[in-house]
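Q: So for the sequence shown, the numbering used here puts the first residue at 3; every next one is plus one.
One structure, as structure tokens, below. Some questions next.
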Amino acid sequence: MLRGVTRADDETDDEVLAELTREGEDRLASEQRARQERHARDSRWRTFMVAVMFLSQIFVELGRRGLQCFQRNVPRYVAFVDRWLVQSIRVSVYPRKKMGTLRVLLAIGLAFALPYIVMTIGRMRYPAGRGAKVSAGELDEEKIRSRIIVDRVDTTMPGRRQMFLREGDDGLKLDQTQLRCENTVQGLKLLTDSMGYVCTRSQLDKVKPGCCNETDASLPRIKQYTCDQCDTNPPHCCDVFEHCVSCCMHPLNSGIRRDFLTHADPNHPVYSDPAEITVFQYCQYRCRTSSASVQHQNSYRSHRSFCYGIHRPLKVLPTVNSDGLHDEWSGASREGARDHLVPAAQLELDPYYRSSELLD
């Protein structure tokens, strides 16, 4: 009997102990959760305070810079207001001056010129010979050329660089160089392409056949419209054939091309119909040596025997005869760059240039 009572008491004690243990664990867990929540709240609060301090520093800096800007500009603003008030008071107190005669004439001229300019620009949007209106994207040089009011002729100005804009007034076709180029094939080292660039064979573009690679940085440097070895004044002759072609294509030399084609022999197979050849083809043909480049059919007139102008080369070399006279000039140095004007008496016109026959 006593053993059964003792066993029941033990079971009761075990249950009480287990319940106390569970309560202790629950209390510890709740305390730990509360501690974690307090830590999280403190962490969020600290983050918020850091953000507030950072933003406050930003606003303080913006305010400081704004104040500096305001301090710098206030005197200007005050001066502007002061000048405006002074001017307003002056205009209101003193009567305006009468408009002078010159100002009246200028105002009338401007009033008449503006409508004329607007109408002229509007007419340029119509293609030549037709009344159909075209968009700006369809305009090309052929349609605009007939609407040019002033036929300006640019003259060569040595030592001064200008924009390379072709005037299109020489009557020659434009070279098509979008995909490929023509070049002066026969050169041993140098070539000139149909865009006017002079380069060596190793500097040709691999993408655009026949064109000089203008982005090539190797030596010799690739140059466009080079006249380094040419006369910039009459007779417009060069030491090197490729330089002659490049210089001939220079937009500033369009007047020289037009002058020659205007007075060229109408029976010449090339010069008679310039509308069928391009600028490059004309310059390539014009720079070749011919009977105009030699004397007595056996020697050149000058070391500069490649000419693109309307004159023959200057006669500065003696004739090569069988008496050994050629030894006197065979080792002579080439002429330097001739930047002075040659007397007209020393110039001779090209055989195919007819000064007495002017086109209507």
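Beta carbons: idealized from backbone N, C-alpha and C, even for Gly.
Quick one, are the C-beta atoms of Asp241 and Arg288 less than 8 angstroms apart?
A: If you number the sequence shown from 1, residue 241 lands on position 239. If you number the sequence shown from 1, residue 288 lands on position 286. In this structure, Arg288 does not lie closer than 8 angstroms to Asp241 by Cβ.
Q: Taking all protein chains shown into account, decide if Val247 is buried (16 or more other Cβ within 10 angstroms of its Cβ) or exposed.
A: In the sequence shown, residue 247 corresponds to position 245, counting from 1. Answer is buried; the Cβ neighbour count reaches 16.
Q: Pull the bridge partners of Val296 from the DSSP assignment, please.
A: Working through the sequence shown from its first residue, we reach residue 296 at position 294. Bridge partners of Val296: Tyr302.
Q: Note the first and the last residue of the continuous beta strand (DSSP E) segment covering Leu192.
A: Taking the first residue of the sequence shown as 1, we reach residue 192 at position 190. First-last of the beta strand (DSSP E) with Leu192: 192–194.
Q: Between which two residues does the alpha helix (DSSP H) containing Glu122 stretch?
A: On the sequence shown, residue 122 is found 120 positions in, with the first residue counted as 1. Note that residue 122 corresponds to Thr in the displayed sequence, not to Glu. Per DSSP, Thr122 belongs to the alpha helix (DSSP H) from 103–125.
Q: Rank Ile123, Lys225, Tyr354, Cys250 by C-alpha distance to the C-alpha of Pro271 and give the top, closest one.
A: Here the question's residue 271 lines up with position 269 in the sequence shown. Of Ile123, Lys225, Tyr354, Cys250, the residue nearest in Cα terms is Tyr354.
Q: Taking the DSSP output, what are the residues bridged to Gln226?
A: Within the sequence shown, residue 226 is the residue found at index 224, counting from 1. In DSSP, Gln226 forms a bridge with Tyr199.
Q: Mapping DSSP to helix, strand and coil, what is Cys285?
A: Here residue 285 refers to the residue found at position 283 when the sequence shown is read from its first residue. In this structure, Cys285 counts as helix in the three-state DSSP scheme.
Q: Just to confirm, is the Cβ distance from Thr186 to Leu176 under 8 angstroms?
A: Here residue 186 refers to the residue found at position 184 when the sequence shown is read from its first residue. Here residue 176 refers to the residue found at position 174 when the sequence shown is read from its first residue. For Thr186 and Leu176, no; Cβs fall outside 8 angstroms.
Q: I think His238 touches Gly311, with their Cβ atoms under 8 angstroms apart; what is that distance to the nearest whole Å?
A: Taking the first residue of the sequence shown as 1, we reach residue 238 at position 236. Taking the first residue of the sequence shown as 1, we reach residue 311 at position 309. His238 to Gly311, Cβ: 3 angstroms. Contact.
Q: What does the alpha-carbon distance come out to for the pair Gly198 and Thr217?
A: Within the sequence shown, numbered from 1, the residue matching residue 198 stands at position 196. Within the sequence shown, numbered from 1, the residue matching residue 217 stands at position 215. Cα-Cα distance, rounded: 15 angstroms.
Q: Out of Thr280, His245, Asp352, Ile110, which has the shortest C-alpha to C-alpha gap to Ser292?
A: The residue you call residue 292 lines up with position 290 of the sequence shown. Closest by alpha carbon: Asp352.
Q: Just the Cα atoms here: how many angstroms apart are Arg303 and Leu108?
A: The residue you call residue 303 lines up with position 301 of the sequence shown. The residue you call residue 108 lines up with position 106 of the sequence shown. Taking the straight line from one Cα to the other gives about 58 angstroms.
Q: If I measure Cβ to Cβ from Arg356 and keep anything under 7 angstroms in the same chain, skipping five residues before and after, which residues do I get?
A: For this step, residue 356 is matched to residue 354 along the sequence shown. Cβ neighbours of Arg356 beyond the five flanking positions: His265, Asp267.
Q: Could you check the C-alpha separation between Asp275 and Cys183 for me, to the nearest Å?
A: Reading the sequence shown from its first residue, position 273 is the one you call residue 275. Reading the sequence shown from its first residue, position 181 is the one you call residue 183. If you take the alpha carbons of Asp275 and Cys183, they lie about 22 angstroms apart.
Q: Assuming Ser295 contacts Leu319 (C-beta within less than 8 angstroms), just tell me the rounded distance between them.
A: Within the sequence shown, numbered from 1, the residue matching residue 295 stands at position 293. Within the sequence shown, numbered from 1, the residue matching residue 319 stands at position 317. Not really, about 11 angstroms apart at Cβ, beyond 8 angstroms.
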